[in-house]
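Asker: If you're matching them up, the sequences are chains A and B in order. Reminder that position 107 of the first sequence reads as 150 in our numbering, one-by-one numbering, no gaps. Reminder that position 63 of the second sequence reads as 106 in our numbering, one-by-one numbering, no gaps.
Protein chains: 2
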Amino acid sequence: MIQIIIANSSDTPIYQQLFDQISAQIIKGDLIGDHGLPPIRTVAKELRVSIITVKKAWEELEREGLIYTVVGRGCFIVPLSEEELLAKKRRLASAKIEKDISYYKNMGLTFQEFITLSKELYGSDDA
Amino acid sequence: MIQIIIANSSDTPIYQQLFDQISAQIIKGDLIGDHGLPPIRTVAKELRVSIITVKKAWEELEREGLIYTVVGRGCFIVPLSEEELLAKKRRLASAKIEKDISYYKNMGLTFQEFITLSKELYGSDDA
DNA sequence: CTTATTGTATCTATTGAGTATACACAATAT
DNA sequence: ATATTGTGTATACTCAATAGATACAATAAG
């Protein structure tokens, strides 16, 4: 089942929060393919959010090839192999990392400095 | 002299673009301390932008301790030692990296994956 | 075929951020 | 005094995000 937490205080738009959290869960394999998502009306109601907002998030998910839609039936998670999930993850991550890095480079941060800071801040998963 | 390029097409607010570019130039040492910035009216006029927008950017720069203001005289770059500049750079970078990383972690990206992708995308300054 | 369910489309409306213009005020320099 | 520069504020415009409501389209279930 999908788990979503909306932070109205956040400066991140609600539809973006939805996309981020659901795409993360799909990519992590927490939401298995073929599994159906709840009707957007239901999601909107439970989260006390506009249908439009949910729709917007779902559209992005579909654009990323993570869900598909059948009018009259509902929205479903695209069944993806482990390999495909990994590719999706890399794709989403790369898009963001690329943008972030251009910012770091502009401020004159060298790769070494970047790595050093990242290591400190990543919370030591490993290395 | 300050060099600024405004991209109206960008989704980044103008005042943010101003802050980013000027703070970067200060931190890199391109703008030397004690040096005065042009009057905000002048900057606004040359960039064809509202004074309010420039003001907003300048306020952030002041908040970061990069410039200081004297009413009636103008705005000036805070003279900082190499060491202090480096500290500022780390501070600004860390703030952003920390936010970015929380996003990567949420999408289930391990530190190793993150490093691998970063290495590919940083454009090989070094290693 | 009828009815319920679900996604789609659209209209109207509100809120807030970002931005612009203009004018008056405060502090400093000459 | 006068010019220059920063500050403050009032007004206004645009756009993204969001909400509420209603009608339509496709599918499912009976």
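Ideal Cβ placement from N, Cα and C applies to all residues, glycine included. Keep in mind that this is a model prediction, so the values were computed, not measured.
#1: At the 8 Å Cβ level, is A/I57 part of the contact set with chain B, yes or no?
#2: Is it true that the CB of A/G151 sits closer than 8 Å to the CB of B/K71?
#3: Using the Cα positions of A/G115 and A/I83, report the straight-line distance between them to the nearest angstrom.
#4: Is the shortest distance between the beta-carbon of B/I65 and the beta-carbons of chain A less than 8 Å?
#5: For the stretch 115-133 of chain B against the stretch 126-146 of chain A, are there 3 or more C-beta pairs whose distance is under 8 Å?
#6: Could you check whether A/I49 and A/Q68 sit closer than 8 Å to each other, using their CB atoms as the reference points?
#7: With H, G and I counted as helix, E and B as strand and the rest as coil, what does DSSP make of A/T96?
#8: Under 8 Å, Cβ to Cβ, is there at least one residue of chain B near A/S182?
#9: If you drop the 5 nearest sequence neighbours on each side, which residues of the same chain put their C-beta closer than 7 Å to that of A/V121?
#10: Of all Cβ atoms in chain A, is any one closer than 8 Å to the Cβ of B/F119?
#11: Classify B/T85: buried if its beta carbon has 16 or more other beta carbons within 10 angstroms, exposed otherwise.
#12: When DSSP labels each residue in this structure, what does B/T112 get in the three-state scheme?
#13: Under 8 Å, CB to CB, which of the residues in the stretch 135-148 of chain B have a partner in chain A?
#14: Taking the C-alpha atoms as reference points, what is the distance between A/V92 and A/T55?
#15: Under a three-way DSSP split, which group does B/T65 fall into?
#16: Which same chain residues end up closer than 7 Å to B/V97 when comparing Cβ atoms and leaving out the 5 residues on each side of it in sequence?
Answerer: According to the structure data:
#1: Translated into the one-based positions of the first sequence, residue 57 of chain A becomes position 14. It does not; no Cβ of chain B falls within 8 Å.
#2: Taking the second sequence and counting its residues from 1, one reaches residue 71 of chain B at position 28. Taking the first sequence and counting its residues from 1, one reaches residue 151 of chain A at position 108. Note that the C-beta distance between B/K71 and A/G151 is below 8 Å.
#3: Indexing the first sequence from 1 puts residue 115 of chain A at position 72. Indexing the first sequence from 1 puts residue 83 of chain A at position 40. Distance between the alpha carbons of A/G115 and A/I83: 12 Å.
#4: Walking along the second sequence from the start, residue 65 of chain B turns up at place 22. When Cβ-Cβ separations below 8 Å define contact, B/I65 makes no contact with chain A.
#5: Contact between the stretch 115-133 of chain B and the stretch 126-146 of chain A is absent, because fewer than three Cβ pairs lie under 8 Å.
#6: Position 25 of the first sequence, counting from 1, holds the residue named residue 68 of chain A. Position 6 of the first sequence, counting from 1, holds the residue named residue 49 of chain A. A distance of 8 Å or more separates the beta carbons of A/Q68 and A/I49.
#7: The count along the first sequence starts at 1 and reaches residue 96 of chain A at position 53. Judged by DSSP in its simplified three-state form, A/T96 adopts helix.
#8: Nothing about residue 182 of chain A can be reported from this structure: the residues present for chain A run from 44 to 170 only.
#9: Mapped onto the first sequence, residue 121 of chain A falls at position 78. So the qualifying residues of the chain are G76, G108, L109, I110 and Y111.
#10: Position 76 of the second sequence holds residue 119 of chain B. So, not an interface residue.
#11: In the second sequence, counting from the first residue as 1, residue 85 of chain B sits at position 42. Flag for B/T85 reads exposed.
#12: To locate residue 112 of chain B, count along the second sequence from 1; it is residue 69. Three-state DSSP puts B/T112 in a strand.
#13: Cβ contacts with chain A come from L135, A136, S137, K139, I140, E141, D143, I144, Y146, Y147 and K148.
#14: The sequence position of residue 92 of chain A within the first sequence is 49, counting from 1. The sequence position of residue 55 of chain A within the first sequence is 12, counting from 1. Their backbone Cα atoms lie some 15 Å apart in a straight line.
#15: On the second sequence, position 22 is the one that residue 65 of chain B refers to. Note on residue identity: the sequence assigns Ile, not Thr, to residue 65 of chain B. Of the three classes helix, strand and coil, the one that applies to B/I65 here is helix, per DSSP.
#16: As a working mapping, residue 97 of chain B is identified with position 54 in the second sequence. Same-chain partners within the cutoff: L61, I83, V86 and A87.
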